[in-house]
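Its first residue numbered 313, the sequence shown is counted upward by one per residue in the numbering used here.
Notes to accompany the following structure.
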Amino acid sequence: DDIKNYLTSKGVEWEESADLMEVASKCDVVYQTRIQRERFGDRLDLYDKARGKYTVDKKVMGVLQKHSVIMHPLPRLDE
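What follows is the structure in structure tokens.
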């Protein structure tokens, strides 16, 4: 939330979505982070449900604009 608040305070337009394919064609930048298993605690069912949902694959790459940038803070796991 700190980053979103900072961007807003500087007049930067941004959008957050839970559906990557829905917004990929409009993106200049895709910032992807891994689904962090350690944050799910004992709720592995929720982790399994979320895992793989936000993968930048050939399908997503095919709808991105040519100038789009993909950012990832590492480490990579399943994504």
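Beta carbons are placed, not taken as given, at the ideal position from N, Cα and C, and that holds for glycine.
Have a look at residue i and residue j and give me their C-alpha separation to the nearest angstrom.
| i | j | result |
| --- | --- | --- |
| M383 | L332 | 14 Å |
| A336 | P385 | 19 Å |
| E350 | L358 | 12 Å |
| T367 | T320 | 27 Å |
| A362 | R346 | 10 Å |
So the candidates are the options; which of them puts its Cα closest to the Cα of residue i?
| i | options | result |
| --- | --- | --- |
| V375 | P385, K338, A330 and S329 | K338 |
| K378 | D369, A330, E325 and D340 | D340 |
When DSSP builds the beta bridges, which residues end up paired with residue i?
| i | result |
| --- | --- |
| V381 | V341 |
Please classify residue i: does DSSP put it in a helix, a strand, or coil?
| i | result |
| --- | --- |
| V375 | helix |
| D331 | coil |
Measuring CB to CB, does residue i end up less than 8 Å from residue j?
| i | j | result |
| --- | --- | --- |
| V342 | S380 | yes |
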